[in-house]
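In what follows, a structure is listed as structure tokens, so that the remarks can point back to it.
In the numbering used here, the protein residues as written are 21 to 186.
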């Protein structure tokens, strides 16, 4: 997988993150394993906290660069689940690569019926399997598990019908 992805590259964002994204783009699977394999301490002055390559906007740019071709190749509209800051950030980054969200989905009643980045915001019940690829972009703790359970409970398949971008 490392060789197929071309190893580390000199990029504007974090090199290790770029490598993971290229491994995924090359068709290799990535997964979070259910046990701790490695532990480390974050220390003050570490590049993760001090180097500009770790800026949030660059992570979004990196994700969008590799995610957009995958979304475009599916030939389906894109729905962004998350009409808050995180979802709008990811949608903005995707737009720079030719992917525009046809709609947003959110559970916050204050957002439903409004707009985000020019697209209407709906409740999750509007989703039907196969009509769009759902890009989940939420920042609230525990939201991923709730979204995954909701979509899987309605027959959606992760990686095929929906994916997480944040």
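All C-beta atoms, glycine included, are put in the ideal place defined by N, C-alpha and C.
Values in this document were obtained by computation on a predicted structure and should not be read as measured data.
Please name the residue or residues paired with residue 183 in a DSSP beta bridge.
Walking along the chain shown from the start, residue 183 turns up at place 163. DSSP, once it has assigned bridges, lists 155 as partnering residue 183.
Residue 40 (DSSP reduced to helix, strand or coil)
Residue mapping note: residue 40 aligns to position 20 of the chain shown, counting from 1. Collapsing the DSSP output to three states places residue 40 in a helix.
Out of curiosity, what's the CA-to-CA distance linking residue 25 and residue 32?
Start at 1 with the first residue of the chain shown, and residue 25 comes out as number 5. Start at 1 with the first residue of the chain shown, and residue 32 comes out as number 12. Roughly 17 Å between the two C-alpha positions.
Going by Cα to Cα distance, which pick from 78, 159 and 63 is closest to residue 20?
Absent from the structure is residue 20, since the part of the chain shown begins at 21 and ends at 186.
CB residue 100 to CB residue 155, shorter than 7 Å?
Along the chain shown, read from residue 1 onward, the residue named residue 100 stands at position 80. Along the chain shown, read from residue 1 onward, the residue named residue 155 stands at position 135. Taking 7 Å as the Cβ cut-off, residue 100 and residue 155 qualify as a contacting pair.
From 159, 123 and 61, residue whose alpha carbon lies closest to that of residue 76:
Locating residue 76 in the chain shown gives position 56, counting from the first residue. Residue 159 holds the alpha-carbon nearest to the alpha-carbon of residue 76 among 159, 123 and 61.
Classify residue 99 as helix, strand or coil using the three-state DSSP reduction.
Start at 1 with the first residue of the chain shown, and residue 99 comes out as number 79. Looking at residue 99 - three-state DSSP - the assignment turns out to be strand.
Among all the DSSP beta bridges, which residues are the ones paired with residue 135?
For the purposes of this step, residue 135 is identified with residue 115 of the chain shown, where counting begins at 1. Partner residues in the beta bridge of residue 135, as assigned by DSSP, are 140.
Residue burial classification, residue 90 (beta-carbon count within 10 angstroms, cutoff 16):
The sequence position of residue 90 within the chain shown is 70, counting from 1. Exposed.
Can you tell me which residues form a DSSP beta bridge with residue 123?
Residue numbering aside, residue 123 sits at position 103 when the chain shown is read from its first letter. Paired residue(s): 99.
Using a 10 Å radius around the Cβ and a threshold of 16 neighbouring Cβ atoms, would you call residue 124 buried or exposed?
Here residue 124 refers to the residue found at position 104 when the chain shown is read from its first residue. A residue is called buried when at least 16 other Cβ atoms come within 10 angstroms of its Cβ; residue 124 meets this threshold and is buried.
7 Å Cβ cutoff met for residue 38 and residue 82:
On the chain shown, position 18 is the one that residue 38 refers to. On the chain shown, position 62 is the one that residue 82 refers to. With respect to residue 82, residue 38 sits close: the two C-beta atoms are nearer than 7 Å.
The alpha helix (DSSP H) with residue 91 in it runs from where to where?
Walking along the chain shown from the start, residue 91 turns up at place 71. From DSSP, the alpha helix (DSSP H) with residue 91 extends over 76-94.
So what does DSSP say about residue 178, is it helix, strand or coil?
Counting from one through the chain shown, the residue named residue 178 turns up at place 158. Note: residue 178 maps to strand in three-state DSSP.
Determine the direct distance from the alpha carbon of residue 172 to that of residue 148, and round the result to whole angstroms.
Looking up residue 148 in the chain shown gives position 128. Looking up residue 172 in the chain shown gives position 152. Going from the Cα of residue 148 to the Cα of residue 172 covers about 12 Å.
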